[in-house]
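Written out below as structure tokens is the structure these notes cover.
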Amino acid sequence: MVNSLNLFQKKIYFQSCKTTGKTPIIQYEIKEIYVVATRDLAKQFLGQDQTKIPTLLSMLSDWDWQIFHSTAPYPVREFLDADQDLLIARLTVSHGFTDGSDYEDYKYAILLKNNFAKSPREAQEKKVNWVINWQPNQIKSLQESLTIQWQKKYNRLVDKFGAVAVSELISGEVKEVKLLTVERQKTDSELASMTIEELISFLKRWEPDSRDCLEESSRQLLGSALAKLAEKNLQRYAQASAHFTDLHPIYLFNLLKGLRQGLNNQQGQQREQGQFSWKSVLSLCSWLAQNSQTTDNDWRESCRAVLDLLELGLTDEQIGIPLQLREEVWYTIKLLNQAQEPTPKISIHHPCELAINTVNDQGEAMHTVIRYALWIRRHWELTSEGAGQLERGFEEMPEVRQVLDEHLRPEQESSLAIHSVYGQWFPSLILLDLHWASENVEKIFPQAQTLSNLRFAAWESYVSFSRVNDKCFDLLQAEYRHTIEGLNGKQQLTKSDESLAQHLMALYWRGKLDLHEPGGLLAQFFDLAPSALRGYALQIVGRSLQHTQNAIPTASSAKVPQILKRLQLLWESRLEIARNSTEPSLYATELAAFGWWFGSGKFDNSWAIAQIKLVLEVVDQVDSDFLVLERLATLADVLPESAVECLKLMINKDHKGWGIYSWHDEIKTILAKAIQGSNDTAKQTAKALIHRLAERGHWEFRDLLSASSKRY
158 MVNSLNLFQK
168 KIYFQSCKTT
178 GKTPIIQYEI
188 KEIYVVATRD
198 LAKQFLGQDQ
208 TKIPTLLSML
218 SDWDWQIFHS
228 TAPYPVREFL
238 DADQDLLIAR
248 LTVSHGFTDG
258 SDYEDYKYAI
268 LLKNNFAKSP
278 REAQEKKVNW
288 VINWQPNQIK
298 SLQESLTIQW
308 QKKYNRLVDK
318 FGAVAVSELI
328 SGEVKEVKLL
338 TVERQKTDSE
348 LASMTIEELI
358 SFLKRWEPDS
368 RDCLEESSRQ
378 LLGSALAKLA
388 EKNLQRYAQA
398 SAHFTDLHPI
408 YLFNLLKGLR
418 QGLNNQQGQQ
428 REQGQFSWKS
438 VLSLCSWLAQ
448 NSQTTDNDWR
458 ESCRAVLDLL
468 ELGLTDEQIG
478 IPLQLREEVW
488 YTIKLLNQAQ
498 EPTPKISIHH
508 PCELAINTVN
518 DQGEAMHTVI
528 RYALWIRRHW
538 ELTSEGAGQL
548 ERGFEEMPEV
558 RQVLDEHLRP
568 EQESSLAIHS
578 VYGQWFPSLI
588 LLDLHWASEN
598 VEKIFPQAQT
608 LSNLRFAAWE
618 SYVSFSRVND
628 KCFDLLQAEY
638 RHTIEGLNGK
648 QQLTKSDESL
658 AQHLMALYWR
668 GKLDLHEPGG
678 LLAQFFDLAP
688 SALRGYALQI
698 VGRSLQHTQN
708 AIPTASSAKV
718 PQILKRLQLL
728 WESRLEIARN
738 STEPSLYATE
748 LAAFGWWFGS
758 GKFDNSWAIA
768 QIKLVLEVVD
778 QVDSDFLVLE
788 RLATLADVLP
798 ESAVECLKLM
808 INKDHKGWGI
818 YSWHDEIKTI
828 LAKAIQGSND
838 TAKQTAKALI
848 HRLAERGHWE
858 FRDLLSASSK
868 RY
């Protein structure tokens with residue numbers, strides 16, 4: 158199979174048609190059988206009449222198949238005495254110098270090697286001149302017959318370009334002429350020792366072996382070495398980067414990649430902006446953007462490398478691009494935005510994912526436009542005269558406004574990926590120019606049914622990637638309501654649905670939403686959302702409480718109603734609805750989420766333990782049971798009766814018994830505190846629970862009873 162694939166790919170057949178008196182054992186596919194059959198027919202035909210060599214060669218040449226061209230040198234070589242003129246004509250044919258495949262034919266190389274000396278001097282000169290002007294490596298076949306003058310020229314060519322080897326003739330095997338070196342790839346240390354001029358010259362002229370199926374991998378290895386050099390010698394390669402134009406895009410990609418990694422390595426370090434030659438780097442970036450070919454993957458990857466480098470330069474204050482280069486930066490961004498990359502045939506469900514995986518008409522270049530605007534704004538914030546510029550917003554950045562306006566016209570830009578960028582960066586657009594953002598809400602989130610895909614693209618990226626803030630909510634209340642209404646009857650939830658729940662809980666946490674507002678968004682959400690999403694919403698609150706490091710105001714604080722009391726009201730309303738329902742199981746996910754609330758330890762102890770007890774009476778399992786047990790173990794000191802009652806409920810509902818093993822330490826702590834305490838009810842409940850555990854095979858807790866007896 159491997160041999161067959163190689164033959165089909167490289168168009169190489171038997172390199173030798175010579176026989177040794179025996180028919181070779183054919184181990185190859187149908188192509189090789191045809192070669193042998195064609196050779197034998199030619200031999201039989203010429204054996205009867207050698208004067209028909211021209212006729213035979215004409216027949217073989219008329220067929221446009223490599224198999225016949227590959228056989229043609231055989232009769233000339235086997236019956237070379239029959240027609241000397243034909244031999245000379247065959248040796249001096251120029252076709253091999255405009256089509257490299259002829260020289261890959263091993264038989265022609267042998268024919269040339271064995272008979273070149275027999276050719277007239279004029280024919281030899283003609284042949285050698287072709288070789289010099291087109292493929293110097295072919296002289297290897299003529300080496301033994303060269304004049305002293307040409308031998309010297311050949312030696313100089315070998316010194317400069319390397320040599321080729323003509324393999325020994327082996328009957329019946331597949332052989333090919335292999336380049337020993339066209340120009341050998343340099344080692345990392347050799348590349349590092351070169352001057353910039355030498356390195357660029359080498360990269361321009363070096364070519365991998367075209368017959369190597371891994372030729373692009375070879376080029377990539379060289380590119381990777383260049384990336385390492387740029388990373389380790391950051392300023393040297395940044396300063397010289399403008400000279401790296403006209404190179405293969407693989408090298409440009411790796412150069413930019415190395416520069417970016419080198420800058421990443423310097424993040425957090427004190428460094429003057431002038432130490433990195435952004436101007437030279439931007440010169441290379443603009444050249445690449447101007448000359449990129451979006452249909453070629455290597456060029457597209459190089460453009461992405463430009464955008465990756467710009468992202469770092471536009472967002473990092475320590476190693477970022479100085480504002481003086483604003484025009485150069487925008488020139489590159491504008492070029493990349495104007496490039497037209499074909500839309501992928503594969504549909505991507507999330508347009509925001511497509512936006513970060515393509516360069517231009519659906520892509521990352523549009524993200525860079527927003528980063529560019531924010532970069533300018535940050536510089537304005539650092540100057541005393543920047544206040545007026547900040548207030549005027551896009552009036553001070555007309556180039557940004559022009560691009561944003563152009564891509565908001567659906568008749569001009571229908572890309573969902575591009576439209577998703579507006580949603581993802583909507584909070585930043587408000588920051589940059591509140592007036593512009595307000596005026597364009599209906600264009601970013603169009604109401605028309607025919608543009609519903611654009612609306613979805615913008616909303617999904619907004620809700621998935623943006624943290625909600627009050628200004629965004631004020632402008633997008635209609636979008637929140639539209640999305641909530643779409644939850645009614647929804648069977649399969651998405652990440653954006655979960656993000657919606659996060660936004661609503663954050664707004665309620667901050668007091669932006671009212672729980673009991675008639676027709677309010679929160680009430681509508683809990684009325685229409687599926688059980689799983691309602692449970693997720695309450696779980697988000699509990700997780701946020703768990704990860705809140707600073708203390709939340711307690712009951713003695715005047716600020717309680719604004720935070721904890723608001724959350725308590727939310728929980729109590731959901732619990733009441735569940736308990737009054739004819740099917741409490743429909744609310745199991747919401748109730749189970751209280752495990753996070755209780756485990757956070759942020760609420761009043763008595764209120765929290767009373768609520769978790771009510772939950773445990775309704776559901777079989779709570780979320781984050783390990784946190785619940787840890788909290789119960791802590792509260793067993795002050796509320797032993799409630800703590801042991803909750804423990805009893807959890808153990809009784811642990812039907813499979815796995816929880817008891819993982820809760821072992823907390824169970825022992827709660828039981829010990831109850832038995833050793835002064836609350837008789839807690840003590841009796843704990844003892845009964847120890848016996849119940851023993852019945853289930855957990856004898857290890859009986860030691861607590863012995864310790865209690867000895868104590869008295």
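Residues in the sequence shown are numbered from 158 upward in steps of one, following this note's numbering.
Don't be surprised by glycine CBs; every beta carbon is placed ideally from N, CA and C.
- prompt: How about residue 792 and residue 762: are their beta carbons less than 8 Å apart?
  reply: For residue 792 and residue 762, yes; Cβs fall inside 8 Å.
field: Reduced DSSP secondary structure (H/G/I, E/B, other) of residue 840
entry: Correct three-state label for residue 840: helix.
task: Return the first residue and the last residue of the alpha helix (DSSP H) that residue 558 is part of.
output: Per DSSP, the unbroken alpha helix (DSSP H) holding residue 558 starts and ends at 555 to 564.
- prompt: On the three-state DSSP scale, how would you describe residue 769?
  reply: If DSSP states are grouped into helix, strand and coil, residue 769 belongs with the helices.
- prompt: Roughly how many whole angstroms lie between the Cα atoms of residue 215 and residue 194?
  reply: Approximately 18 Å between the Cα atoms of the pair.
field: Start-to-end residues for the alpha helix (DSSP H) that takes in residue 776
entry: It is not in any alpha helix (DSSP H) - residue 776 carries neither H nor E in the DSSP assignment.
- request: Could you please give the first and the last residue of the uninterrupted alpha helix (DSSP H) stretch that includes residue 528?
  value: 521 to 538 is the span of the alpha helix (DSSP H), which, as asked, contains residue 528.
For residue 524 and residue 636, the rounded distance between their alpha carbons: Approximately 23 Å, taken between the alpha carbons.
message: Out of 691, 723, 697 and 650, which one is the CA nearest neighbour of residue 667?
response: Comparing Cα positions, the closest option is 723.
- request: Could you tell me if residue 313 is buried or exposed, where buried requires 16 or more neighbouring beta carbons within 10 angstroms of its beta carbon?
  value: Residue environment: residue 313 is assigned as exposed (fewer than 16 neighbouring CB atoms within 10 Å of its CB, all protein chains considered).
task: Mark residue 848 as exposed unless 16 or more other C-beta atoms lie within 10 angstroms of its C-beta, in which case mark it buried.
output: Classification of residue 848: exposed, given that the 10 Å Cβ count is below 16.
query: When the Cα atoms are used, what is the spatial distance from residue 780 to residue 654?
result: Residue 654 has its alpha-carbon roughly 20 Å from the corresponding atom of residue 780.
- prompt: Going by the beta-carbon positions, is the gap between residue 492 and residue 528 smaller than 8 Å?
  reply: Result no, Cβ atoms of residue 492 and residue 528 do not sit closer than 8 Å.
- request: Work out the CA separation of residue 854 and residue 699 for me, nearest whole Å.
  value: Distance between the alpha carbons of residue 699 and residue 854: 34 Å.
task: Specify the secondary structure class of residue 788 as computed by DSSP and reduced to three states.
output: In this structure, residue 788 counts as helix in the three-state DSSP scheme.
query: Do residue 775 and residue 843 have their CB atoms nearer than 8 Å?
result: No, they are not a contact pair.
- prompt: Can you give the Cα-Cα distance for residue 594 and residue 778, rounded to whole angstroms?
  reply: If I take the Cα positions, the gap works out to 46 Å.
- prompt: Just how far apart, CA to CA, sit residue 376 and residue 549?
  reply: Residue 549 has its alpha-carbon roughly 50 Å from the corresponding atom of residue 376.
query: Could you check where the alpha helix (DSSP H) with residue 681 kicks off and where it finishes?
result: Annotation: the continuous alpha helix (DSSP H) that includes residue 681 extends over 678 to 685.
- prompt: Between the stretch 574 to 592 and the stretch 611 to 631, are three or more C-beta pairs nearer than 8 Å?
  reply: Taking a cut-off of 8 Å for Cβ pairs, the stretch 574 to 592 and the stretch 611 to 631 touch, as three or more such pairs fall below it.
- prompt: The alpha helix (DSSP H) spanning residue 807 covers which residue range?
  reply: For residue 807, the enclosing alpha helix (DSSP H) stretches over residues 797 to 809.
Neighbourhood of residue 562 by C-beta distance below 6 Å, restricted to the same chain and skipping five residues each side: Nothing meets the Cβ criterion.
- prompt: Just how far apart, CA to CA, sit residue 731 and residue 553?
  reply: About 50 Å.
query: Alpha carbon to alpha carbon, how far is residue 807 from residue 757?
result: One C-alpha to the other measures close to 18 Å.
task: Would you identify the three-state DSSP class for residue 417, choosing helix, strand or coil?
output: Note: residue 417 maps to helix in three-state DSSP.
Secondary structure of residue 738, DSSP reduced to three states: DSSP places residue 738 outside both helix and strand once states are collapsed to three, so it counts as coil.
field: Rounded Cβ spacing between residue 449 and residue 396 (contact assumed at less than 8 Å)
entry: With a Cβ gap of about 23 Å, residue 449 and residue 396 do not count as contacting.
- request: Could you tell me the distance, in whole angstroms, from the CA atom of residue 305 to the CA atom of residue 277?
  value: The straight-line gap from Cα to Cα measures roughly 17 Å.
- request: May I have the straight-line CA-CA distance separating residue 541 from residue 433, to the nearest angstrom?
  value: Near 27 Å, if we compare the C-alpha coordinates of residue 433 and residue 541.
- prompt: Is it the case that the Cβ atoms of residue 721 and residue 759 are separated by a distance below 8 Å?
  reply: It is a contact, given that the beta carbons lie within the stated cut-off.
query: Which one of 669, 688 and 631 has the shortest CA to CA distance from residue 649?
result: In terms of CA proximity to residue 649, 688 leads the group 669, 688 and 631.
- request: Pull up the distance between the alpha-carbon of residue 809 and that of residue 681, whole angstroms please.
  value: Linking residue 809 to residue 681 through their CA atoms gives a straight-line distance of about 37 Å.
query: Over what stretch of residues does the alpha helix (DSSP H) that includes residue 364 continue unbroken?
result: Per DSSP, residue 364 is not a residue of any alpha helix (DSSP H), being assigned neither H nor E.
field: DSSP-derived helix/strand/coil call for residue 474
entry: Here residue 474 sits in coil by DSSP.
query: Per DSSP, what kind of secondary structure is residue 599 in: helix, strand or coil?
result: Of the three classes helix, strand and coil, the one that applies to residue 599 here is helix, per DSSP.
task: Would you kindly work out how many angstroms separate the C-alpha atoms of residue 490 and residue 443, rounded to a whole number?
output: So the two alpha carbons sit approximately 8 Å from each other.
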